[in-house]
Each structure stands twice: as C-alpha cells, then as structure tokens.
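Before any comments, here is the structure.
There are 2 protein chains.
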Amino acid sequence: MDPELIRRLSIPADTKVVLCVLDGLGGLPGPRGRTELEAADCLHLDRLAEEGMIGQTLPVGYGITPGSGPGHLGLFGYDPLEVEVGRGVLEATGIDFPLGPNDLTARGNLCTVDADGNITDRRAGRLATEITGEIAQQLSGIELPGYEALVQEVREHRFVLVLRPLDGSAALSEALTETDPQREGAPALLAEALAPDAGPAVEVVNRFASEARARIGERETANQVLLRGWSRLPDLPQLPELWKLRAAAVATYPMYRGLARLVGMDVLDAGDSLATQVATVRERWDDYDFFFVHYKPTDAAGEDGDFARKQQAIAAFDDCMPELLALDPNVVVVTGDHSTPATMAAHSWHPVPALIWGDHVRPDDTHRFGERECAHGGLGTIPAKELLPIAFAHAGRLTKFGA
Amino acid sequence: MDPELIRRLSIPADTKVVLCVLDGLGGLPGPRGRTELEAADCLHLDRLAEEGMIGQTLPVGYGITPGSGPGHLGLFGYDPLEVEVGRGVLEATGIDFPLGPNDLTARGNLCTVDADGNITDRRAGRLATEITGEIAQQLSGIELPGYEALVQEVREHRFVLVLRPLDGSAALSEALTETDPQREGAPALLAEALAPDAGPAVEVVNRFASEARARIGERETANQVLLRGWSRLPDLPQLPELWKLRAAAVATYPMYRGLARLVGMDVLDAGDSLATQVATVRERWDDYDFFFVHYKPTDAAGEDGDFARKQQAIAAFDDCMPELLALDPNVVVVTGDHSTPATMAAHSWHPVPALIWGDHVRPDDTHRFGERECAHGGLGTIPAKELLPIAFAHAGRLTKFGA
Numbered sequence: 000m001d002p003e004l005i006r007r008l009s010i011p012a013d014t015k016v017v018l019c020v021l022d023g024l025g026g027l028p029g030p031r032g033r034t035e036l037e038a039a040d041c042l043h044l045d046r047l048a049e050e051g052m053i054g055q056t057l058p059v060g061y062g063i064t065p066g067s068g069p070g071h072l073g074l075f076g077y078d079p080l081e082v083e084v085g086r087g088v089l090e091a092t093g094i095d096f097p098l099g100p101n102d103l104t105a106r107g108n109l110c111t112v113d114a115d116g117n118i119t120d121r122r123a124g125r126l127a128t129e130i131t132g133e134i135a136q137q138l139s140g141i142e143l144p145g146y147e148a149l150v151q152e153v154r155e156h157r158f159v160l161v162l163r164p165l166d167g168s169a170a171l172s173e174a175l176t177e178t179d180p181q182r183e184g185a186p187a188l189l190a191e192a193l194a195p196d197a198g199p200a201v202e203v204v205n206r207f208a209s210e211a212r213a214r215i216g217e218r219e220t221a222n223q224v225l226l227r228g229w230s231r232l233p234d235l236p237q238l239p240e241l242w243k244l245r246a247a248a249v250a251t252y253p254m255y256r257g258l259a260r261l262v263g264m265d266v267l268d269a270g271d272s273l274a275t276q277v278a279t280v281r282e283r284w285d286d287y288d289f290f291f292v293h294y295k296p297t298d299a300a301g302e303d304g305d306f307a308r309k310q311q312a313i314a315a316f317d318d319c320m321p322e323l324l325a326l327d328p329n330v331v332v333v334t335g336d337h338s339t340p341a342t343m344a345a346h347s348w349h350p351v352p353a354l355i356w357g358d359h360v361r362p363d364d365t366h367r368f369g370e371r372e373c374a375h376g377g378l379g380t381i382p383a384k385e386l387l388p389i390a391f392a393h394a395g396r397l398t399k400f401g402a
Numbered sequence: 000m001d002p003e004l005i006r007r008l009s010i011p012a013d014t015k016v017v018l019c020v021l022d023g024l025g026g027l028p029g030p031r032g033r034t035e036l037e038a039a040d041c042l043h044l045d046r047l048a049e050e051g052m053i054g055q056t057l058p059v060g061y062g063i064t065p066g067s068g069p070g071h072l073g074l075f076g077y078d079p080l081e082v083e084v085g086r087g088v089l090e091a092t093g094i095d096f097p098l099g100p101n102d103l104t105a106r107g108n109l110c111t112v113d114a115d116g117n118i119t120d121r122r123a124g125r126l127a128t129e130i131t132g133e134i135a136q137q138l139s140g141i142e143l144p145g146y147e148a149l150v151q152e153v154r155e156h157r158f159v160l161v162l163r164p165l166d167g168s169a170a171l172s173e174a175l176t177e178t179d180p181q182r183e184g185a186p187a188l189l190a191e192a193l194a195p196d197a198g199p200a201v202e203v204v205n206r207f208a209s210e211a212r213a214r215i216g217e218r219e220t221a222n223q224v225l226l227r228g229w230s231r232l233p234d235l236p237q238l239p240e241l242w243k244l245r246a247a248a249v250a251t252y253p254m255y256r257g258l259a260r261l262v263g264m265d266v267l268d269a270g271d272s273l274a275t276q277v278a279t280v281r282e283r284w285d286d287y288d289f290f291f292v293h294y295k296p297t298d299a300a301g302e303d304g305d306f307a308r309k310q311q312a313i314a315a316f317d318d319c320m321p322e323l324l325a326l327d328p329n330v331v332v333v334t335g336d337h338s339t340p341a342t343m344a345a346h347s348w349h350p351v352p353a354l355i356w357g358d359h360v361r362p363d364d365t366h367r368f369g370e371r372e373c374a375h376g377g378l379g380t381i382p383a384k385e386l387l388p389i390a391f392a393h394a395g396r397l398t399k400f401g402a
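Protein sequences, first through last, are from chains A and B.
Quick note: the first sequence uses numbering that gives the first Met the number 0, first residue 0, plus one each step.
Quick note: the second sequence uses numbering that gives the first Met the number 0, first residue 0, plus one each step.
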C-alpha cells in the first residue's frame, strides 16, 4: 500500500498485532521429500493455519533472492525495490551504531599493502576483531576539516566508518566511488565524485584515507583502509507515524534491531534467547500495539545447510506460541523474510510461507503450515509488503476507502 | 486494463454479457462455520461454478475496505485508486440528480446555531426529510452572480448543493475547504481556497452560505447550512465508447444508477424488485450488449448483521438465475463490489467471490460457489478491475494484441 494511502486510511484502535519473523523460514524438500517446515513438529502453528489463513509472500519479486535488508523492509510494509538501504548503513545498523540523518557511512576493510602501496591481502589475513577494534580507536581520532570520523570494528577485518558533520558543516554526499579496487596487486583507489555536489565528500574521504595510512602505515599487515558502500540513512516514512500506533522490535541480533530502528520502531532490550524475547513481549504488552519478533536460528541453520537443525529451530519456535497466544493478541502473523533452504545453504528466491490468524480472518481449506499447503492457501501468493496492511486491516486499523 | 489498450483492442461482437453484482456478497463464517454464501441454497450458482470458473476479486487493494463508489468503479473496469468520485458527487448520484460536467457539488447538512452563531446541533435534530425538502426549495432560489444554486433534500438533515454556472461563467474549482467545523459550540466556517484558482469558488460558496443564513436564520432549528465534500464529476472515459458496445444498468437504488451513469451506461427503469429487474433485462435484451444488474439485499442484510437474511437474499438471487440464463447470454459474471460479512455488520477488506460462466470459459476443479472454493479457483485472486476485461474477452470483444 502506498504510504500516502496508509496515512489517509490508518486509524488508531485498541488492538494488538504480533509479527513473528522466522528468518529464512522457507525451505526445500530434504529427507523423505518434506521441507524443513513440513517436517517440523508444529502443533500450534498447524492449529493457527487450520483456524486462520495461509499463503505465500514474495519478498521482493519473482525470482529475486533478498538480503536481510530488503526482506525485512518488505515485511515492514515498504517496497524493497524503492527503498534501498545502502551497505554502509546496513553494516552500521548491524552493530547498533546510532546513525544520525547527516552521517555518511561506509563499510571498511583493513587490508595489507606492500612497500609500493599495492594490495597484497584485501582482508589483512582476516585479523582478530580485537585488533581491528584497537585500530578503529586509532582511526577515530583522525581530524578532518568540518567533519568527525567515527570508526568502529565489526568483525575480523571489517569496520564501519561514519563521517559526521561538525556544527555548521553540510551532510556529505553519498555519490562517490569506492576506494576498493576489488583485486590484489593494485593500490587503493582515490574516491571520485559521481555527482556535481560530491566534491566535499571526495575531499573528506580521500583525506581520511591518507590520514589513516599515515597512522597505521607502519604496521606490517592491516596497514591501509578500503572503503565501500557509501550511504546515508534512508528517509523512510516512520511506521508509528504512518500507522498511528506504538511499535516495538524484539530481536536478539543487532542487524534486525537496526532495521526496525530505521522504520521508527522502539527497540526493546530482549535478551539473547527466544525465552527472553517472549518474556519481553509479555512485560511490555501494554506499552505497544505492534510487536515485531525476530527469530534467527532458522536462517542460521539453513545457511549452515543443516536441515535437521532448521527443522528443530522451527519446532522450538512453535513451542513458544502458546505463551504468545496467552497474551490474547488480536492478530498474529507468522512468516519469514526470505527462504533459506538447507539444501542450498543460502538465501533463495522462493516464496515464503505466511500465516495470518486472529480477528475477522476468513479461514481457508488448509490444515497445516507448510510450503505445499501455503501454495494454495486463501491468502494467495502476495507481495510481502502487503502482509502488514492486511494484518492491520484485520486489527481494525484501516478505515473505509471512499463512500 | 489500461483505457488506451481497451480502446485499441476492443471490437464489436454479436454477444451479450451480464454482470450480476450482489452487493456486499463476500462474508465470513457464521453458524456451523460456513459463510453466508456457503450456507445459502444456490443450486444454479453452484452449477455455474461447476461448469465455469471461479476466483476472488480484490476491489481496491490488499487490506482496503471499499465504499460503494470504489467497489463499483473497479467492477466497471476502472482503477478505483486513480478515479476517485468525491463525496458531493456521490451524494448527488445517490438521489439521481442529473449533474453536469461544470457543476460544483457539496453534501450539505442543516444544522442549528444559537444567537451567537455557534452550532448547538450539527444535524438539526435529524429533522424530517419533508421539512428539509421545504427548506431546500427556499434555498434553491438563492441568486448568486454568475451561478445558479440548486438544492435538493437527501434524507433527514442532509441535502445536496449544486452550483451551476450560468451562461458564460466558468466551472468553479473544487479546491476549497469545508464549512463544517465538525464539532458543536463553534460557528460554521468560511470556505477557504486550497488552490490559486479557487478564489471565485470561495466567493460564491460563502455568498451562498450567508444568503442561506439570511433566508432560514429566523427558524429555531435548522437555521444554518454546513457544506462538505466539494467535488465535480470525474472525467471518466465512457464504457460504451471504450468497449464499443451498448451498456445498460438495471438497478433499483439511485446510488448504483448514478455510478453506472458516471461511466456512460444507459440507466433503465427497473422497478423496485429483483423480479422487475429481471423483467427489464428480458424486455430490453435486444437493445444492449452489456447489462449491469445490481442487487442490494445482500449488502443491506450484511450491514444489519443479519446472517440468515443475507443467506436468504443470496438464495433469492439464485432463484432468478434460470430466468436470466433463459435469455441465452454468452457470458455471465456473478460477484460483489466488496464483502459485507454479517458477523462484522460492515463493509470489509476481504476479497470477493467471483464467477465467470459462458462461452470459452476454461473450467477449474471447483464445484460450488463459496469463499473457500473461490480462494483456490482457476480465476485466482485478481484486481476487480480486470474482471470485466476477462468477461469481454470471453465474449469475443477483445482482439489479438500484436501480430
């Protein structure tokens, strides 16, 4: 649904909606011809499918394999083809870095260059995260005219660079080239402008790179930086404002907390397990109208190609459903942000099983929550971005269009 | 289908299409877990479903609850998100008021104000329609420079105001604010311009309001007017021209006759019952290629929350099918303009059951006309605006695209 239309039709209501995202939920047949979800013991989800309506979501489009960013933006009701979150911003949100609207952000690599300045290892031997942390502290001190450089380690050789304007300086443009030549044997590149107004950005970025080289050039390895994925916070209409509700994210992984923060959700302290997540939802039940519960183990097992573990992870989520349902939500949605079939050990383009249960749901002829049943469920196969509007309609949060 | 494409591909043919709109047809499970349609005794519709193809229509979009205007515009093949019919125009069409293309129209309320001009009752005690009629006659005489004021009662305190240019005056802009403060204790507002060219409209409207006050201000109640929903006839490509055919509306309620008139259908005198409607179709069978038959009792019962009555209304429509089929139509479509589940006693966002029967229909695996069967029918779940093009294709009224 178009944001302007949402703004026009959304109304407050005294109802609760819970969106459960089992990351990478969709799968492919494994042993005995059943998918991970079909093979999993899902007493409660099957009951919700029986009473409710199931179908499939298409995260981005036919044949498109989504990353976590587009996958979640779709579930939050945005068109992932229109709203792109840059790599730098995604990396920063992934480490809970509090980005501001004027920050220019990049993903950085520490690399190793030889005496001539040619790259010998683009990943600096995947050095220990702690060492990257120490180097990040050194780089954070770099002074740039009008801008502050904030550097924070991510993992191994990876870090995030944030260039923040000091009082009075303008936000830097993201329209500039990357400094990573994407191959070894070549030197790091100078950033170049991709738009007329990117001149200041080019100057600041190249100044940062040369200052960085000055500070860490004496090191044998990890003695240079490569910068990619220039981006700024997207200017997204915020979910609570669009829908006139209070929205909370209950996620254990920083990436998903960051994505939720991008659309304006309050990010709750949810501990580090499904049990603490469910407890968080219970404790904060009265404070919010909408809860986004993110569950990572399904995707992690799928990425590892571990069919049995993904199957168990789904069953473990099913076990928590009675506790969530005991809170008496009006509408519950269970789906994934994309498929991660264990047989592929990777994200895939396959549609994702989806389930809507609650007030005013028109039941269909299906009885179990699984890929094959979802393919002919009453919900049909719909763009993921339509799922939240449908859920909010069931929760009485959309008024009539036209007389 | 895009109007330009329709114009390009539509061809005349010696075929008849009947579109039966059971208003608010879609429902939700009630007693014994069946919907109104599933529970209704529909021998004939079930046979059409068996022989034909069923599916679901989405009137406006996912999660969107349509009013009657958008619901019907979709069924007539227009995109309800692109073609909006304003409140004033809809109110006027609802009383069969013959609007012209240059008329500016508003919905009016008679209200009661105190000696200080503050509203004490926005609905003037919901006075009798007859009295509103008398007041409307008084107000219709108001002289405005360059414009004629036409006022006609609707029901209780509601009336329609039409400002029509006299020879030589331009159509007035609809870009102006409403004069209804939407609360009591405040005075009626002056209209203000929302666009640079709305100056003349503001002048005429405020002049009308003050003249009205002068004429009815002596009354104890119903002594002031409130004006809302400024609108003009939408400039719609006309259905007979687009499709190269003769189209007739057979409806007993003025609102639906008005909507049909907006898209260029001939509005037939159809009596006040389904029996007279069917008789009208029979009598005029040779004069038209397309008949829109509108049936209101399903929606009325749904709005009243009367499951049994809605079920019976559907069965009553089913009873008339043999008479319609005896006319030997080439294609029959049966659907609704939206869902009105009796359990909700209101319009809803749920998709609407749809059935296509006739020449060249590819049958599907379904056997009964009901929500659950429709959810996996061969037609799929399609935007309502695509239903008429599909029906006309079956009737040989769309030629090949490309060589």
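Ideal placement from N, C-alpha and C gives every residue a C-beta, glycine not left out.
- The three-state reading of DSSP puts A/Asn205 in helix, counting H, G and I together.
- Per DSSP, reduced to three states, the secondary structure at B/Met254 is helical.
- Contacts with chain B at 8 Å (Cβ-Cβ) include A/Ile389.
- Among the residues of the region 360 to 371 of chain A, those with a Cβ less than 8 Å away from any Cβ of chain B are Arg361, Pro362, Asp363, Asp364, in the order of the chain.
- For B/Gly132, no chain A residue has a Cβ inside 8 Å of its Cβ, as the nearest lies near 22 Å away.
- Taken through DSSP and simplified to helix, strand or coil, A/Leu72 comes out as helix.
- Look at the beta carbons and you see the region 40 to 60 of chain A touching the region 330 to 345 of chain A: at least three pairs across the two are nearer than 8 Å.
- Counting only runs of 3 or more residues that sit fully inside the region 51 to 123 of chain B, the beta strand (DSSP E) segments are 52 to 57, 103 to 112, 118 to 120, in chain order.
- Non-local C-beta neighbours of B/Glu322 in its own chain, meaning closer than 8 Å and more than five positions away in sequence, comprise Val277, Arg281, ordered along the chain.
- Around A/Leu397, the beta-carbon contacts reaching into chain B at under 8 Å are Gly62, Ile63, Thr64, Trp348.
- With respect to the 8 Å criterion, B/Gly29 and B/Ala341 are classified as neighbours on the basis of their beta carbons.
- Rounded to whole angstroms, A/Pro296 and A/Ala312 show a C-alpha spacing of 6 Å.
- Per the Cβ contact rule, the region 59 to 79 of chain A is in contact with the region 251 to 259 of chain A (3 or more Cβ pairs under 8 Å).
- Taking CB atoms only, B/Pro69 has a neighbour in chain A less than 8 Å away.
- About 14 Å separates the CB atoms of A/Ala197 and A/Leu226; that is not less than 8 Å, and the two are not in contact.
- With its beta carbon at least 8 Å from every one in chain A, B/Val249 lies outside the interface.
- Of all residues in the region 371 to 384 of chain A, the ones placed with a Cβ closer than 7 Å to any Cβ belonging to chain B are His375, Gly377, Gly379, Ile381, in chain order.
- Put simply, the CB of A/Gly32 is far from chain B, with every gap to its CB atoms at 8 Å or more.
- Put simply, the backbone Cα of B/Val82 is about 22 Å away from that of B/Leu21.
- Here the alpha carbons of B/Gly26 and A/Trp356 stand approximately 17 Å from one another.
- Between A/Leu397 and B/Gly62, the gap from beta carbon to beta carbon is short of 8 Å.
- Residue pairing by DSSP places A/Pro144 in no beta bridge whatsoever.
- Each residue's CA atom was taken as its position, placing A/Gly85 and B/Val17 some 52 Å apart.
- Fewer than three beta-carbon pairs drawn from the region 184 to 196 of chain B and the region 124 to 132 of chain B are found closer than 8 Å, and the two stretches are therefore not classed as touching.
- Just measuring C-alpha positions, the residue of B/Leu47, B/Ala274, B/Asp271, B/Ala247 sitting nearest B/Val262 is B/Ala247.
- Here B/Tyr294 is near B/Cys19, since their CB atoms are less than 8 Å apart.
- Taking the C-beta atoms as reference points, A/Gly369 is found nearer than 8 Å to A/Leu36.
- Remark: C-beta atoms of B/Arg106 and B/Arg182 do not approach each other more closely than 8 Å.
- Within its own chain, the residues whose Cβ lies closer than 6 Å to the Cβ of B/Asp40, once the five positions on either side in sequence are excluded, are Ala314, listed in chain order.
- Using a Cβ-Cβ cut-off of 8 Å, A/Ala353 does not count as an interface residue toward chain B, since no Cβ of chain B sits closer than that to its own.
- Beta bridge pairing from DSSP links A/Phe289 with A/Val16, A/Ala246.
- Around the beta carbon of A/Asp358, a 10 Å sphere encloses fewer than 16 other beta carbons of the protein chains shown; the residue is thus reported as exposed.
- Note on geometry: alpha-carbon atoms of A/Gly228 and A/Cys319 lie some 38 Å from one another.
- It is roughly 11 Å from the alpha-carbon of A/Ser9 to the alpha-carbon of A/Leu238.
- Look at A/Ala314: its C-beta is not under 8 Å from any C-beta on chain B.
- Around the beta carbon of B/Arg31, fewer than 16 other beta carbons sit within 10 angstroms, so the residue counts as exposed.
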